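Before any comments, here is the structure.
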């Protein structure tokens with residue numbers, strides 16, 4: 009789900025027009041009836057909220073003016089009383105846990121997400137423990153803006169952004185800025201296990217989890233690690249598919265796709281295997297043979313003539329949609345996933 013929140017009054021059409029660099033991209037989405045039905049724009053005297061996604065009704069819940077927003081996927085942890093199934097928690101279910109546990113609700117859930125709670129003129133943003141998906145925020149004495157993409161920031165803010173020389177140097181050396189840094193001054197990346205609280209034009213940050221907390225002097229044996237690892241792998245693969253009606257699974261010439269397929273318990277009729285590459289390559293030949301012998305549906309995506317014609321557009325959009333965290337070398341993923349989205353989310 010693409011998400012943007014900024015503290016100013018505007019309309020969804022105005023927010024398109026105020027961002028010339030993405031004007032065509034967003035207007036094309038807005039003119040698409042299928043996507044238009046999943047757009048949301050929530051405004052009150054305090055803020056404007058804009059986004060789109062497939063499961064808006066599940067991801068945003070209005071509880072008498074208090075908003076609960078999920079970006080990503082939230083699951084219940086197994087070791088608490090709120091666990092009733094392996095299925096995802098929606099925003100309404102999250103609200104119910106929050107009313108009981110307050111900020112401690114974060115200890116009872118897991119997943120890859122950002123959660124935004126807006127109540128009593130206070131905005132709280134919770135990042136998941138490992139913060140896999142980027143989430144950005146801008147803050148100065150007059151503005152607080154957060155978004156899944158920097159290009160969605162209001163035009164008046166983007167015009168003010170300046171590149172940070174030191175952060176550009178980090179990007180050149182490490183291929184990404186370090187810590188909470190981004191390429192721009194005053195724009196930050198929400199850290200794993202971090203909570204932001206914005207109230208009365210002040211921004212507070214605190215950590216509820218640090219990966220170093222997992223460091224322990226206790227070690228298990230190699231044999232037990234292998235046994236538990238296999239057990240955990242099988243459980244995770246199948247738990248993540250419980251709420252899916254149809255599923256697309258990557259099957260290439262490597263071991264990862266084959267390992268997932270071997271553990272997966274999912275109806276064959278609702279499963280589509282895929283890979284991409286050039287004709288005759290191992291990433292095409294091997295999965296074709298496996299899927300044929302095992303009776304699976306398989307869709308090869310050939311990155312050849314047709315792909316070369318549309319490559320420039322997909323390359324630009326790959327950089328745009330990831331704020332350059334993904335390079336043009338990843339354009340084939342966007343090309344393939346766009347087509348697969350008609351089969352499964």
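In this note's numbering, the protein residues as written are 9 to 353.
Note that beta-carbon positions come from the ideal geometry of N, C-alpha and C, so glycine has one too.
These figures come from a predicted structure and were not determined experimentally.
query	result
Please go through the same chain and pick out, in chain order, the residues whose beta-carbon is closer than 8 Å to the beta-carbon of residue 33, but skip the five residues on each side of it.	In this prediction, residue 33 scores a pLDDT of 41, lower than 50, which makes its location untrustworthy; the coordinate-derived value is nonetheless stated afterwards. The residues are 325 and 328.
Answer with buried or exposed for residue 96, where buried requires no fewer than 16 other C-beta atoms within 10 angstroms of its C-beta.	buried
Taking all protein chains shown into account, do 16 or more other C-beta atoms lie within 10 angstroms of the C-beta of residue 197, making it buried, or fewer, making it exposed?	buried
From residue 233 to residue 289, what does the alpha carbon distance come to, in whole angstroms?	35 Å
Residue 10 by DSSP, collapsed to three states: which one?	Residue placement at residue 10 is flagged as unreliable, the pLDDT there being 49, under the threshold of 50; a coordinate-derived value is accordingly withheld.
Whose CA, out of 341, 202 and 299, lies closest to the CA of residue 321?	341
Sorted by chain position, which residues of the same chain lie with C-beta nearer than 8 Å to residue 3's C-beta, five sequence neighbours on each side aside?	Look at the range of the chain in this structure, 9 to 353, and you will see that residue 3 is not part of it.
Check whether the region 181 to 197 touches the region 145 to 159, taking contact to mean three or more Cβ pairs, one atom from each stretch, closer than 8 Å.	yes
Tell me the DSSP bridge mates of residue 84?	117
What do you get for residue 349, buried or exposed, if any count of 16 or more other CB atoms within 10 angstroms of its CB means buried?	exposed
Ignoring anything shorter than 4 residues, give me the alpha helix (DSSP H) runs that lie fully in the region 299 to 336, in order along the chain.	313 to 329
Between the region 271 to 281 and the region 243 to 257, do three or more beta carbon pairs fall short of 8 Å?	yes
Once DSSP output is grouped into helix, strand and coil, what is the label at residue 137?	coil
Taking the alpha carbon of residue 191 as the reference point, which residue from 206, 158 and 219 has its own alpha carbon closest?	158
Could you give the DSSP three-state label for residue 338: helix, strand or coil?	helix
If we count the other Cβ atoms within 10 Å of its Cβ and call it buried at 16 or more, is residue 23 buried or exposed?	Summary for residue 23: the model assigns pLDDT 37, below 50, so the residue's position carries little reliability, and this model does not support an answer.
Just to confirm my understanding: we take residue 140, look at its own chain, exclude 5 residues before and 5 after, and list those with CB closer than 6 Å. What are they?	120
Evaluate residue 265 with the Cβ neighbour count: other Cβ atoms within 10 Å of its Cβ, from every protein chain shown; 16 or more gives buried, anything less gives exposed.	buried
With a threshold of 16 other CB atoms inside 10 Å of the CB of residue 137, please say whether the residue is buried or exposed.	buried
Report the residue from 295, 126, 115 and 291 whose alpha carbon sits nearest the alpha carbon of residue 72.	126
At the level of alpha carbons, what is the spacing between residue 143 and residue 156?	5 Å
With 16 as the cutoff for other CB atoms within 10 Å, does residue 133 come out buried or exposed?	buried
Please name the residue in 309, 204, 352 and 105 whose C-alpha comes closest to that of residue 131.	204
Quick check on residue 235: buried or exposed, where buried means 16 or more other Cβ atoms within 10 Å of its Cβ?	exposed
Taking only three categories from DSSP, how would you classify residue 206?	strand
Go through its chain and collect everything with a Cβ distance to residue 294's Cβ below 7 Å, but skip five positions before and after it.	261
Roughly how many angstroms lie between the CA atoms of residue 210 and residue 84, to the nearest whole one?	32 Å
Measure the beta-carbon distance from residue 306 to residue 282 and round it to whole angstroms, keeping in mind my assumption that it falls under 8 Å.	7 Å
So for residue 288, helix, strand or coil by DSSP?	coil
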